[in-house]
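Using this note's numbering, the first residue of the sequence shown is number 438, and each one after it goes up by one. Every residue gets a Cβ at the ideal spot worked out from N, C-alpha and C, and that includes glycine. Here the structure is laid out as structure tokens; the discussion comes afterwards.
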Amino acid sequence: TKTISKCYVQVTGMTCASCVANIERNLRREDGIHSILVALMAGKAEVRYNPAVIHPSAIAELIRELGFGATVMENCGEGDGILELVVRGMTCASCVHKIESTLMKTDGVLYCSVALATNKAHIKYDPEIIGPRDVIQVIKDLGFTTSLVKKDRSASHLDHKQEIRQWKRSFVVSLIFCIPVMGLMIYMMVMDSQLSDAHAHHNMSDEEMEALHSSMVLEYQLLPGLSVMNFLSFLLCVPVQMFGGWHFYIQAYKALKHKTANMDVLIVLATSIAFLYSFVILLVAMAEKAKVNPVTFFDTPPMLFVFISLGRWLEHVAKGKTSEALARLISLQATEATIVTLGPDNVLLSEEQVDVELVQRGDIVKVIPGGKFPVDGRVIEGHSMVDESLITGEAMPVTKKPGNTVIAGSVNQNGSLLISATHVGADTTLSQIVKLVEEAQTSKAPIQKFADKLSGYFVPAIVAVSVVTLFAWIIIGFVDFKIVEKYFLGYNKSISAAEVIIRFAFQASITVLCIACPCSLGLA
């Protein structure tokens, strides 16, 4: 007897069904190759060969000569079939043992475990030798009833509705409070520029200047040291920090727990520090009954949160769109198949309806006009037109005659066909597309990974820079107080020079932190 081995080859560069046919046709002619099956979407060829005549590396070389990229795959465990069954009628441990031992003796079963408590059986088998129907038959022969574990056919795990809602809410809350803050800011800027013009033209004294300054509505002090502007900004900032930033705080906490620094940590750091600093400086100003209103950063958090939650919301909406498309794809799969037994000269002996998960490779499946193809296969008998637009996008039906390949999920139009199943279960083109889309959904875009990696270095770097700023200004201040005095306008003359320096140094370092938060990275 010829020993036949099996190997898997990863094939790249295939674009359509004709590439598949080309590889299969050419390799079948070669000596020592028993059979070959190529899956287009998975980019994988399964070759059964005679190891005495040819080696897997030579097979890969043959495929390369046809103009495709090919590498032999090491882990051949890919071909194992996995079966989940519900077994009814087990009463005790001996039943479990009976099922397990009988199955393990069965040729082609690699692994089997039965749980009495949940009535479930988990079986691994080699689809070359045995199929799910045979396994079920073995269990039935032992006197138990068994059925497939019903798979959830909907793509519910890919649903982004909840995240979309959450980020939308976050965005709307931030936006509602952000608009007035921006309004106040712009108003202040305009007024400031008018004032500086007035200052330039009229050569007013500083006292008059200050009088003009405090005559502005927003600069009016409700309490000593607390201007209307700062009070309003504070009121608008609190809800944003609480509700808009809620999710960021959770994510940042999780990241820090694992000793990593991601986007969220930065956002939280910048907004919290801006908020807390502004809050503390207000309290200090009120305690000192300051004449000049302190410079606060209450406008930072709302605006940051608005942009970032908008970005996240859009991202999830886009993902949701893909998921919808995916759910539609999944719904295209047929749920049942008609399996027929053929006698000599292709005479129909019997046919039965089975669940599509129970179709094994090599089964003969009958597809009636108007029916969907349950699995990928090759036509053995019959002529028909098939609508394959779900995969190829081609509106015209394609003619199918014996020897042609058919794709699972496409619709048979006018003639009845008998097909031999080549790819079943998770190997069908449709399942592979679904799998690819799922993987694309769960993995990050390369640029996103890069941004996360950058922010990993960025956070410590920014914190370091702001600390350096803090110390630099303290040193400058103690060496030459005039410089600090020049930049730190309107400080309370009654406080000591040291306090002025430290306060100014803090202000400078916080400014660095707030401005350098790489929000541009996150937004992009």
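Open item on the list: What residue range does the alpha helix (DSSP H) around residue 793 cover?
Closed with: For residue 793, no alpha helix (DSSP H) segment is defined, and its DSSP state is neither H nor E.
Task: Host beta strand (DSSP E) of residue 472 (start-end) - done: Element bounds for residue 472: 470-476.
TODO: Compute the Euclidean distance between the alpha carbons of residue 795 and residue 582, then round it to the nearest angstrom.
DONE: When rounded, the distance between both Cα atoms is 16 Å.
TODO: Within 10 angstroms of the Cβ of residue 534, are there 16 or more other Cβ atoms? Answer buried if so, exposed if not.
DONE: With fewer than 16 other beta carbons inside 10 angstroms of its own, residue 534 counts as exposed.
- [ ] Could you please give me the residues that DSSP links to residue 814 through a beta bridge?
- [x] Bridge partners of residue 814: 843, 858.
Task: The alpha helix (DSSP H) enclosing residue 919, as first and last residue numbers - done: Per DSSP, residue 919 is one residue of the alpha helix (DSSP H) stretching across 918-924.
- [ ] Keeping to the same chain, check which residues put their C-beta closer than 8 Å to that of residue 719; ignore five residues upstream and five downstream.
- [x] Only residues of its own chain outside the window of five on either side were considered, and among them 662, 663, 667, 671, 731, 733 have a CB closer than 8 Å to the CB of residue 719, listed in chain order.
Open item on the list: Please state whether the Cβ-Cβ distance between residue 797 and residue 861 is less than 8 Å.
Closed with: Result yes, Cβ atoms of residue 797 and residue 861 sit closer than 8 Å.
Task: Status (buried if at least 16 other CB within 10 Å, exposed otherwise) for residue 738 - done: It is buried - the Cβ of residue 738 has at least 16 other Cβ atoms within 10 Å.
Task: Start-to-end residues for the beta strand (DSSP E) that takes in residue 658 - done: In this chain, the beta strand (DSSP E) harbouring residue 658 covers 658-660.
Open item on the list: Rounding to the nearest angstrom, what Cα-Cα distance links residue 510 and residue 801 in this structure?
Closed with: Residue 510 and residue 801 have their C-alpha atoms some 29 Å from each other.
Open item on the list: By the DSSP assignment, the beta strand (DSSP E) with residue 748 in it spans what residues?
Closed with: Per DSSP, residue 748 lies in no beta strand (DSSP E) segment; the continuous alpha helix (DSSP H) that holds it begins and ends at 737-768.
Open item on the list: When you compare the CB positions of residue 811 and residue 823, do they come within less than 8 Å of one another, or not?
Closed with: Contact: no.
Open item on the list: Quick check: the Cα distance between residue 536 and residue 791, rounded to an integer number of angstroms?
Closed with: Distance between the alpha carbons of residue 536 and residue 791: 23 Å.
- [ ] Output the distance between the C-alpha atoms of residue 854 and residue 603, rounded to the nearest integer angstrom.
- [x] Approximately 50 Å, taken between the alpha carbons.
Open item on the list: Assuming contact is defined by CB atoms lying nearer than 8 Å, are residue 675 and residue 584 in contact in what I supplied?
Closed with: Cβ distance not < 8 Å, so residue 675 and residue 584 don't count as in contact.
- [ ] Out of 702, 808, 679, state which residue places its alpha-carbon closest to the alpha-carbon of residue 689.
- [x] When each option's Cα is compared against that of residue 689, the closest is 702.
TODO: Give the straight-line distance between the Cα atoms of residue 508 and residue 525, rounded to the nearest whole angstrom.
DONE: Separation of residue 508 and residue 525 (C-alpha to C-alpha, rounded to the nearest whole angstrom) is 45 Å.
Task: Straight-line Cα distance separating residue 611 from residue 747 - done: Annotation: residue 747 to residue 611 spans about 10 Å, alpha carbon to alpha carbon.
Task: Residue closest to residue 736, alpha-carbon to alpha-carbon, out of 625, 542, 480 - done: Considering only alpha carbons, the answer is 625.
Open item on the list: For residue 793 and residue 840, what's the separation of their Cα atoms in angstroms?
Closed with: Put simply, the backbone Cα of residue 793 is about 22 Å away from that of residue 840.
TODO: Could you check which residue in 448, 496, 442 has the C-alpha nearest to that of residue 465?
DONE: Checking every option, the nearest Cα to that of residue 465 belongs to 496.
Open item on the list: Report the CB separation of residue 920 from residue 913 in whole angstroms; it is logged as a contact under 8 Å.
Closed with: That belief holds up - the Cβ atoms of residue 920 and residue 913 are roughly 6 Å apart, short of 8 Å.
- [ ] Note down, in chain order, each residue of its chain lying with its Cβ closer than 6 Å to the Cβ of residue 687, except the 5 sequence neighbours on either side.
- [x] Around residue 687: no qualifying Cβ.
TODO: Grab me the residues of residue 866's own chain with a C-beta within less than 8 Å of its C-beta, minus the 5 sequence neighbours each way, in chain order.
DONE: Answer for residue 866: 476, 477, 478, 813, 828, 844, 845, 846, 860, listed in chain order.
TODO: Drop a sphere of 10 angstroms on the beta-carbon of residue 630, count the other beta-carbons inside from all chains shown, and report buried for 16 or more, exposed for fewer.
DONE: Taking all protein chains shown into account, residue 630 has fewer than 16 neighbouring C-beta atoms within 10 Å of its C-beta and is therefore exposed.
- [ ] With a cut-off of 8 Å on the beta carbons, I'd call residue 776 and residue 816 a contact; round off their distance for me.
- [x] Not quite, the Cβ-Cβ distance comes to about 16 Å (not below 8 Å), so this is no contact.
Task: Length of the line joining the Cα atoms of residue 575 and residue 836 - done: Straight-line Cα distance between these residues: approximately 40 Å.
Open item on the list: DSSP three-state label for residue 597, please.
Closed with: In this structure, residue 597 counts as coil in the three-state DSSP scheme.
Open item on the list: One question on the structure: do residue 547 and residue 563 come within less than 8 Å of each other, judged by their Cβ atoms?
Closed with: Judged by their CB atoms, residue 547 and residue 563 are nearer to each other than the 8 Å cut-off.
- [ ] Label residue 445 either buried or exposed according to how many other C-beta atoms from any shown protein chain fall within 10 Å of its C-beta, with 16 as the threshold for buried.
- [x] Looking at its Cβ environment, which holds 16 or more other Cβ atoms inside 10 Å, residue 445 is buried.
TODO: State the DSSP-derived secondary structure class of residue 1022, mapped to helix, strand or coil.
DONE: The displayed coordinates of the chain run from 438 to 961. Any statement about residue 1022 would go beyond what the structure contains.
Task: DSSP beta-bridge partners of residue 788 - done: 777, per the DSSP bridge assignment.
Task: Identity of the residues DSSP links to residue 559 by a beta bridge - done: In the DSSP output, where bridge partners are listed per residue, residue 559 has 521, 550.
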